[in-house]
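Okay, so here's the structure we're looking at.
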Amino acid sequence: MRGGSLADRLWPKEADPEHLRRLGLGASLSPLMWHQRLRILRQATDALLYLHTPVPGGKGAVVHRDFKPENILLDDELNAYLADTGFAKMDAGPEASKMKSASNALYLTRGYLDPSVLEGGAYATMTDGWALGITLLVALTGRSPLSIITKCEEDFDEDFADIDAAQLADATAGWPSRAAAAFKDLVRSTASGLCHASVRKRLTVAAALATLTSLADDDGSTGTGRGALDGSVLTSSAPPASTAAGYVPTPLSMQVREMRKGSDAHKGIKDNMLLAFSSVMSRLDAIYAARAAKAPEGFEERINYWHRECGMRIDLKDRLHSLRIWRNAASHLDDDRWRRDGPRDEAEASQLVSSVKTAIEALEGASSR
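Note that the sequence shown covers residues 1 to 369 in full-length UniProt numbering.
Right, dumping it as structure tokens:
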């Protein structure tokens, strides 16, 4: 496409000059800024989630199997398109596509491949999630994908979860510290991540999309980041998350999302809990910015810190912990956990989000005076 690929833009000095010339691009491309990388990856993640979503009476869930910057193509306005589905496989069943074949791994791109596949494990949406996580880390750091997590740990002599995201971030992109930390935590934190060593702690692609959407909303050029706290977000008339930062999904993608509502009655509530919690934490980070240096990174500890050290009301603390538990339940591929820990129904979810919204608006009003 006319804009090249995400790889061309992340590593412009390594791009083939003849390839760039054919696209009408100059030989000296400027590096992408952080908000451009975020927007591109949000769109690509949205496309990946579309592939993973079965259509009743139509296509099954599709696993891409070669998600990487080279397969994220860009148009003139840097809109992203997911390409090269030559390795993609479809499963007619209700679950995501899975197949065991160690030989297939030889044809896929090293660096982005879930280690479990190299050991003869199953391809699934989760293995696409690993590739997404590595792609996010590549976009954050500008590093090669090959053994990237291990090399980061070796360079900083720390476990990946303990490395300061600001130190990892590509300096040419101007990453804000919170955005860098969010990208890094999507890859791997102590509790969860797309590339977590424990399969039980793997984030879903939907959870990653929710975080990327919230980050895009928080970017000053794309909105306030408060949409997830609007009660209407829990209704069927709410706009899809992908429209929040100016990206308009295709009609086919919109149709698929409407079908999701029937195929999983809880899917919309789960996605909205992910969005709501991410937006809530961003707003509270801004309110308590003066104490940010000492605020813990973990969500549970940070909420308790705001109550203990910053005077946040105990009722808001308790509601935030309820929302955190629902968010955690929504983040994992575990229906039993959702039934056990999630809200009873949409009404309960909406009521909690509305009460948190009201409390945070009061805090924002007080801090602005």
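Every residue, glycine too, gets a C-beta built ideally from N, C-alpha and C. Nothing here was measured: the structure is a model prediction, and the numbers come from that model.
Gly133 and Leu186 look like a contact to me (Cβ under 8 Å); what is the Cβ gap, rounded to whole Å?
-> What you label residue 133 is simply residue 133 of the sequence shown in a count that begins at 1. What you label residue 186 is simply residue 186 of the sequence shown in a count that begins at 1. About 6 Å separates the two Cβ atoms, so the contact holds.
Rounded C-beta distance between Arg202 and Gly129? I'm assuming under 8 Å.
-> Along the sequence shown, one-based indexing puts residue 202 at 202. Along the sequence shown, one-based indexing puts residue 129 at 129. The Cβ separation is near 6 Å, so the contact holds.
Collapsed DSSP secondary structure at Ser116 in the structure displayed | Here residue 116 refers to the residue found at position 116 when the sequence shown is read from its first residue. Here Ser116 sits in helix by DSSP.
What are the boundary residues of the beta strand (DSSP E) that Leu82 is part of?
-> Within the sequence shown, residue 82 is the residue found at index 82, counting from 1. Per DSSP, Leu82 belongs to the beta strand (DSSP E) from Ala80 to Leu82.
Which residue's Cα is closest to the Cα of Arg143: Glu154, Ala169 and Tyr123?
-> One-based indexing of the sequence shown puts residue 143 at position 143. Checking every option, the nearest Cα to that of Arg143 belongs to Ala169.
List the whole-angstrom C-beta distance separating Pro69 from Leu6, where the pair is believed to meet the contact cut-off of C-beta under 8 Å.
-> For the purposes of this step, residue 69 is taken as the residue at position 69 of the sequence shown. For the purposes of this step, residue 6 is taken as the residue at position 6 of the sequence shown. Correct: roughly 4 Å between the Cβ atoms.
Candidates Asn272, Asp345, Ile149 and Asp157: which alpha carbon is nearest Arg188's?
-> By one-based count along the sequence shown, residue 188 stands at place 188. The candidate whose alpha carbon is nearest that of Arg188 is Ile149.
Report the residue ranges of all alpha helix (DSSP H) runs contained in full by the stretch 144–210; include only those spanning at least 4 residues, in chain order.
-> The stretch 144–210 contains these whole alpha helix (DSSP H) runs: 148–156, 165–168 and 177–187.
According to DSSP, is Ala15 helix, strand or coil?
-> As a position in the sequence shown, residue 15 is number 15, starting the count at 1. Here Ala15 sits in coil by DSSP.
Using alpha carbons as the reference points, say which of Gly60, Thr204 and Arg319 lies closest to Lys270.
-> Translated into positions along the sequence shown, residue 270 becomes position 270. Selected option, being the one with the closest Cα: Thr204.
Ala293 in three-state terms, based on DSSP | Here residue 293 refers to the residue found at position 293 when the sequence shown is read from its first residue. It is helical.
Span of the alpha helix (DSSP H), counted from its first residue to its last, around Ala44 | As a first step, residue 44 must be located in the sequence shown, where it is residue number 44. Boundaries of the alpha helix (DSSP H) harbouring Ala44: Trp34 to His52, taken from the DSSP string.
For Gly193, count neighbouring C-beta atoms within 10 Å of its own C-beta (all shown protein chains included) and say buried if the count is 16 or more, exposed if not.
-> The count along the sequence shown starts at 1 and reaches residue 193 at position 193. Residue environment analysis places Gly193 among the buried positions, since at least 16 neighbouring C-beta atoms fall within 10 angstroms of its C-beta.
So, using beta-carbon positions, are Ser367 and Ile287 closer together than 8 Å?
-> Walking along the sequence shown from the start, residue 367 turns up at place 367. Walking along the sequence shown from the start, residue 287 turns up at place 287. Their beta carbons are under 8 Å apart, which means Ser367 touches Ile287 by this criterion.
Can Gln43 and Ala83 be called in contact, C-beta distance under 8 Å?
-> Numbered from 1 along the sequence shown, position 43 holds the residue referred to as residue 43. Numbered from 1 along the sequence shown, position 83 holds the residue referred to as residue 83. Cβ atoms of Gln43 and Ala83: not closer than 8 Å.
Under the three-state reduction of DSSP, which class applies to Leu352: helix, strand or coil?
-> Walking along the sequence shown from the start, residue 352 turns up at place 352. Here Leu352 sits in helix by DSSP.
Quick one: measure Cβ to Cβ for Thr125 and Ala179, integer angstroms, because I've assumed they're closer than 8 Å.
-> The count along the sequence shown starts at 1 and reaches residue 125 at position 125. The count along the sequence shown starts at 1 and reaches residue 179 at position 179. In fact, because the Cβ distance is near 25 Å, the residues do not count as touching under 8 Å.
Backbone CA spacing between Leu252 and Asp157 [nearest angstrom] = Locating residue 252 in the sequence shown gives position 252, counting from the first residue. Locating residue 157 in the sequence shown gives position 157, counting from the first residue. Confidence is the limiting factor: at Leu252 the pLDDT is only 40, short of 50, which leaves the residue's position unreliable, though a coordinate-based value still follows. Taking the straight line from one Cα to the other gives about 47 Å.
When DSSP builds the beta bridges, which residues end up paired with Ser278?
-> Residue numbering aside, residue 278 sits at position 278 when the sequence shown is read from its first letter. Looking at the DSSP assignment, Ser278 forms no beta bridge with any residue, so it has no partner.
Would you report the Cα separation of Glu18 and Ala161, rounded to the nearest angstrom?
-> Translated into positions along the sequence shown, residue 18 becomes position 18. Translated into positions along the sequence shown, residue 161 becomes position 161. The alpha-carbon atoms of Glu18 and Ala161 are separated by roughly 40 Å.
Applying the criterion that 16 or more other CB atoms from any shown protein chain within 10 Å of the CB defines a buried residue, is Lys184 buried or exposed?
-> Here residue 184 refers to the residue found at position 184 when the sequence shown is read from its first residue. Under this definition Lys184 is a buried residue.
Thr317: which of Asp336, Asp334, Arg2 and Phe299 sits nearest, CA to CA?
-> For the purposes of this step, residue 317 is identified with residue 317 of the sequence shown, where counting begins at 1. Checking the sequence shown, residue 317 turns out to be Lys, not Thr. Per the Cα distances, Phe299.
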